[in-house]
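K.L.:
Read left to right, the sequence shown gives residues -16 to -1, 1 to 729 (mature numbering (1 follows the signal peptide of the UniProt record, and there is no 0)).
For every residue, glycine included, the Cβ atom is placed at its ideal position computed from N, Cα and C.
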Amino acid sequence: MQVVFLAALLLALSDGAQYPFRDTSLSWSDRVDDLVGRLTLEEVQDQLAYGGRAAAPGIPRLGIEHYAWWSNCGRGYVGAPGNATAFPQAIGLAATFDKNLRFRIAEAGGIEGRAKHAYFMQHNDQSMHKGLSCFSPNMDLLRHPFWGRNQETAGEDPYMARVYADYFIRGLQGDHPRYIRMNAGCKHFAMHSGPENAHNGGNSRSNFDSKVSMYDMRMTYLPGFRQCAESGTYSYMTSYNAVNGVPVAANKWLLTDLIRGEWNFTGYTLSDGGAMTNMVTSFHYKNSRAEACAASLNAGLNIDVPGREEHPYCLTIVENVHSGALSEHLVRERLKPLFYTRMRLGEFDPPAMNPYTKYTLDMVESPAHQKLALEAAMKSFVLLKNKGVLPLQRNHYANVALVGPFADDTKNLYGDYSPITSSHYKTNVEDGIKQIATHVHKARGCNDPTCTHYDSASVISQLNNVDLIFVAIGTGQAVEREGRDKYDYNLPGHQKDLVTDVLSHAHNKPVIVLLFTGSQLDINFIDEDDRVSAIVECFLPAQATGNAIRHMLLNDAPGAVPAGRLPFTWWHLVQTYGDINNYDMQAGDGKTYRYYKGSGDPLYPFGYGLSYTHFSYSGLTYDHIIQAGHDLHGSVVVHNEGHVDADEAVQVYISWGDNSLPAPVRQLAWFDRVPIPKGGQKTVHFTVEAKTMALWVNNGWKISPTSMKLYVGGQQPNQARSVGSNVLQATFTVEGTKHLQSLVG
């Protein structure tokens, strides 16, 4: 059968120049119209029904090959056979507070994806995970520590999500005027941040109905997705959940009125795998495959990503057209953005025109990408506590102990949705610690991070006659990942017992705790115990873990001084986060740093992280008066007052002076990671965009005349847990009123 297809394809390609859709002198729209107009209704049906595990079928008579829509590229090219560079998980990349790093990692992933795709095409292998269309980035927000997919997000802040969306999309897709390297696809649209499992209140992602006010949608859950449209994403993947009673894959307000009507999005939307099935089996929103497909396409969906069904739901399109449930004009229109995307990827143009077709496998896992993976891992570390033990003295330690389930674990350092890395590029914690001491005394204590079985004696036996103790603990995919929410806020299994044993038998030796997690856990007892000398949140650093940890501990490489900052608020008690099923940002004492109005202080605030040096801020200049709708421009001088070169995560926040306005307590409005030499200073210029000052008022975006506060420093203002540097505070005035059309979300 394959031979027959190839023969037909070659014959069609030999005559391909006669088809206007292959004529590069025509406009994209003319070419797309010509191609779609040549298809039979049955061929249209096949193209719209296969967006998942099976590729959309080829059309031999027109020389059109099959096409696989399912690829993941959030931090490298994921899932395809062979190796690829594995960069840190998204939550760690958010902690870098480095916008340009996000761009470079997306660019590197795009390069490796294109190169591997070219190889697959040479071998006529176009199947799942081998294509050019990414189900990335993940634009969900971290709302609650129980959610299993927090690790895939950029944290809790919508402004940070916007920034990372912009840099990711531009980095991945490239800047060629005609072609895109790969195409981004923002997920999971929308209002989807847990729960995954039924153990969280009886709800799962297959049947959960997110009850969300318009205010919270616009101010919190949608801004990142809105940025995707502004930055040129080619697609959105819908989420499994319903929003206010309507499953997202069939939600016309979201899929048509909002993204196309307000946001002017012209790309394609696709369902998450099996979402149409859930409409029938979980939500009972529709009664049949045909009804579910018709509802989705009529609402604005372009292509279905089937689950594991033998017969995709949208193989009912012809039936629906004949019954009148769908119009033929509509289904042909739904197909056009799909072929437009394939054209912009270069599929129907001579390969010589497209520079991305020249990518080769020697670009995969290149030396430059290995260096970038190490840089990213080092930059992702957040120093939570340091009693002066770090950085360690070089060549000073003869014997150290390394205990905990992450002591020599490699698999769980990567997190969910990670590329497979060549073994000689992988380094784990033990690999790094071995370069610090002459002898490393190791005991895992637990076979894996679940730590259901704990060997206390093996841990205690390694603590005698050592100079330093490292405790490597955390979660892993058996505890938190897609389809698996955390059950509680505790360290998994017996890990708390392990830490307690270490502290009881440390013999006054320094104890350094290395955490490997995708979100918050209860570590109050570790933070409060004076026997713990340092805590480092390492997140999920992937392939370069060991080397990055060694550099960070010794400060023996450029960029090794910790400058990561938490992209979420870390509370003492799990109750402070509220109910995972409640999407109301102002419920109770309020959620995240933006809306919390309670009396308690967090264990670690959003934006918190220590350094090996001390910074100070001075010389703040800014626009004291701006007209509503205008950006605010400013600058600040940042001084590195210590004895080591280091980066500083400069943060700008705003707050609204008029308490009658429906505003957050404060809002991150600008950030960047800035290198500053020891004893030196740097003038940092920043811009607070007008849309960051806009509030959702009476069903519209509005900037009102008011007095506003401006805070500039290396952390949030007025925090009980401080990084030690000062925060400059100023006031500016907004004059006039400006109503804006769908400016943020």
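#1: How long is the line joining the alpha carbons of Ile213 and Asn412, rounded to whole angstroms?
#2: Along the chain, which unbroken stretches of the alpha helix (DSSP H) at least 4 residues long are found entirely within the segment 515 to 565?
#3: Quick check on the burial criterion: 16 or more other C-beta atoms within 10 angstroms. Buried or exposed for Arg162?
#4: CA-CA distance, Ile638 and Gln651?
#5: State the Cα-Cα distance for the pair His437 and Leu482, rounded to the nearest angstrom.
#6: Thinking just about the alpha-carbon of each residue, which of Leu538, His608, Lys675, Met123 is nearest to the one in Met362?
#7: Could you pull the DSSP bridge partners for Asn184 from this structure?
#8: Which class does Lys418 belong to by DSSP, given the choice of helix, strand or coil?
#9: Judging by CA-CA distance, which residue of Val545, Ala357, Pro661, Ile153 is the nearest neighbour of Gln211?
#10: Which of the three DSSP states is assigned to Asp511 in this structure?
#11: Between the segment 642 to 657 and the segment 78 to 93, do three or more beta carbon pairs fall short of 8 Å?
#12: Does the beta-carbon of Ile43 have 16 or more other beta-carbons within 10 angstroms, so that it is buried, or is it exposed?
#13: Whose CA, out of Ala278, Gln703, Val424, Arg165, lies closest to the CA of Pro339?
#14: Just to confirm the assignment: which complete alpha helix (DSSP H) runs, minimum length 4, are found wholly within the segment 561 to 637?
#15: What number of angstroms, rounded off, separates the C-alpha of Val558 from the C-alpha of Arg127?
#16: Can you tell me which of the three DSSP states Glu719 falls into?
#17: In this structure, how does DSSP classify Thr300 when only helix, strand and coil are distinguished?
#18: Could you pull out every residue in the same chain whose Cβ sits closer than 8 Å to the Cβ of Val289, ignoring the five residues on either side in sequence?
#19: Taking all protein chains shown into account, decide if Lys369 is buried (16 or more other Cβ within 10 angstroms of its Cβ) or exposed.
#20: Please state if the CB of Lys493 and the CB of residue 780 are separated by a distance shorter than 8 Å.
#21: Have a look at Asp17 and Leu285 and give me their C-alpha separation to the nearest angstrom.
#22: Got a sec? Which residues, its chain only, sit under 7 Å from His478 by beta carbon, not counting five neighbours each side?
#23: Can you give me the C-alpha to C-alpha distance between Arg534 and Gln419, rounded to a whole angstrom?
#24: In chain order, what residues of the same chain have a beta carbon less than 7 Å from the beta carbon of Arg515, not counting five sequence neighbours either side?
#25: So who's on the other strand from Thr231, going by DSSP bridges?
#26: Going by CA-CA distance only, name the one from Tyr269, Glu719, Asn702 that's closest to Gln713.
#27: Beta carbon of Leu358, beta carbon of Ala633: below 8 Å?
#28: Alpha carbon to alpha carbon, how far is Ala441 from Ser583? Give it in angstroms, no decimals.
#29: Per DSSP, Trp685 forms a beta bridge with which residues?
#30: List the endpoints of the continuous beta strand (DSSP E) containing Ile444.
#31: Whole angstroms are fine: how far does the CA of His627 sit from the CA of Lys662?
#32: Is Lys114 helix, strand or coil by DSSP?
#33: Between Phe716, Leu724, Val668, which lies nearest to Val681 when the distance is taken from Cα to Cα?
#34: Mapping DSSP to helix, strand and coil, what is Gln454?
#35: Alpha carbon to alpha carbon, how far is Tyr577 from Ser364? Give it in angstroms, no decimals.
#36: Tell me, to the nearest whole angstrom, how far the beta carbon of Asp568 is from that of Asp200; I am working on the premise that it is less than 8 Å.
P.N.:
Straight from the coordinates:
#1: Locating residue 213 in the sequence shown gives position 229, counting from the first residue. Locating residue 412 in the sequence shown gives position 428, counting from the first residue. Looking at the sequence provided, one finds Ala at residue 213 rather than Ile. Straight-line Cα distance between these residues: approximately 38 Å.
#2: 529 to 538
#3: Residue mapping note: residue 162 aligns to position 178 of the sequence shown, counting from 1. The residue is exposed, with fewer than 16 neighbouring Cβ atoms inside 10 Å.
#4: Translated into the one-based positions of the sequence shown, residue 638 becomes position 654. Translated into the one-based positions of the sequence shown, residue 651 becomes position 667. When rounded, the distance between both Cα atoms is 5 Å.
#5: For the purposes of this step, residue 437 is identified with residue 453 of the sequence shown, where counting begins at 1. For the purposes of this step, residue 482 is identified with residue 498 of the sequence shown, where counting begins at 1. Looking at the two C-alpha atoms, the distance is approximately 11 Å.
#6: Within the sequence shown, residue 362 is the residue found at index 378, counting from 1. Taking only the C-alpha atoms, the option nearest Met362 is Leu538.
#7: As a first step, residue 184 must be located in the sequence shown, where it is residue number 200. Partner(s): Asn187.
#8: For the purposes of this step, residue 418 is taken as the residue at position 434 of the sequence shown. Three-state result, Lys418: coil.
#9: Here residue 211 corresponds to residue number 227 of the sequence shown, with the count starting at 1. The shortest Cα separation from Gln211 among Val545, Ala357, Pro661, Ile153 belongs to Ile153.
#10: Counting from 1 along the sequence shown, the entry for residue 511 is found at position 527. DSSP places Asp511 in helix when its eight states are reduced to three.
#11: yes
#12: Indexing the sequence shown from 1 puts residue 43 at position 59. The residue is buried, with at least 16 neighbouring Cβ atoms inside 10 Å.
#13: Against the sequence shown, residue 339 aligns to sequence position 355. Nearest of Ala278, Gln703, Val424, Arg165 to Pro339, Cα basis: Arg165.
#14: 576 to 579
#15: Counting from 1 along the sequence shown, the entry for residue 558 is found at position 574. Counting from 1 along the sequence shown, the entry for residue 127 is found at position 143. C-alpha separation (whole angstroms): 12 Å.
#16: Within the sequence shown, residue 719 is the residue found at index 735, counting from 1. Three-state result, Glu719: strand.
#17: Your numbering for residue 300 matches position 316 in the sequence shown. In this structure, Thr300 counts as helix in the three-state DSSP scheme.
#18: Taking the first residue of the sequence shown as position 1, residue 289 is located at position 305. Answer for Val289: Gly35, Gly36, Trp53, Trp54, Met221, Leu254, Ser255, Asp256, Gly257, Gly258, Ala259, listed in chain order.
#19: In the sequence shown, counting from the first residue as 1, residue 369 sits at position 385. Buried is the call here.
#20: Outside the displayed span of the chain (-16 to 729) sits residue 780, for which this structure offers no information.
#21: Here residue 17 is taken as the residue at index 33 of the sequence shown, counted from 1. Here residue 285 is taken as the residue at index 301 of the sequence shown, counted from 1. Using only the alpha carbons, I get a separation of about 19 Å.
#22: Locating residue 478 in the sequence shown gives position 494, where the first residue counts as 1. Closer than 7 Å at the Cβ level, and outside the excluded window around His478, lie Cys430, Cys435, Tyr438.
#23: Taking the first residue of the sequence shown as position 1, residue 534 is located at position 550. Taking the first residue of the sequence shown as position 1, residue 419 is located at position 435. Roughly 7 Å separates the two Cα atoms.
#24: Residue mapping note: residue 515 aligns to position 531 of the sequence shown, counting from 1. Correct list, in chain order: Leu487, Ala490, Val495.
#25: Looking up residue 231 in the sequence shown gives position 247. The question names Thr, yet the displayed sequence has Pro at residue 231. Looking at the DSSP assignment, Pro231 forms a beta bridge with Ala226.
#26: Position 729 of the sequence shown, counted from the start, is the residue given in the question as residue 713. Gln713 has its Cα closest to that of Asn702, out of Tyr269, Glu719, Asn702.
#27: The count along the sequence shown starts at 1 and reaches residue 358 at position 374. The count along the sequence shown starts at 1 and reaches residue 633 at position 649. No; because the gap between Cβ atoms is not below 8 Å, this pair is not in contact.
#28: Taking the sequence shown and counting its residues from 1, one reaches residue 583 at position 599. Taking the sequence shown and counting its residues from 1, one reaches residue 441 at position 457. Each residue's Cα considered, the two are about 43 Å apart.
#29: Counted from its first residue, the sequence shown places residue 685 at position 701. Its beta-bridge partners are Trp680, Leu724.
#30: Residue 444 sits at position 460 when you count from the first residue of the sequence shown. No beta strand (DSSP E) contains Ile444, which is instead part of the alpha helix (DSSP H) from 440 to 444.
#31: Position 678 of the sequence shown, counted from the first residue, corresponds to residue 662. Position 643 of the sequence shown, counted from the first residue, corresponds to residue 627. Rounded to the nearest angstrom, the two C-alpha atoms are 5 Å apart.
#32: Numbered from 1 along the sequence shown, position 130 holds the residue referred to as residue 114. It is coil, neither helix nor strand.
#33: Along the sequence shown, one-based indexing puts residue 681 at 697. Looking at the Cα atoms, Leu724 is the closest of the given residues.
#34: Indexing the sequence shown from 1 puts residue 454 at position 470. Position check: residue 454 holds Phe in this sequence, whereas Gln was assumed. DSSP places Phe454 in strand when its eight states are reduced to three.
#35: The sequence position of residue 364 within the sequence shown is 380, counting from 1. The sequence position of residue 577 within the sequence shown is 593, counting from 1. Rounded to the nearest angstrom, the two C-alpha atoms are 21 Å apart.
#36: For this step, residue 568 is matched to residue 584 along the sequence shown. For this step, residue 200 is matched to residue 216 along the sequence shown. Indeed they touch by this definition, with Cβ atoms about 7 Å apart.
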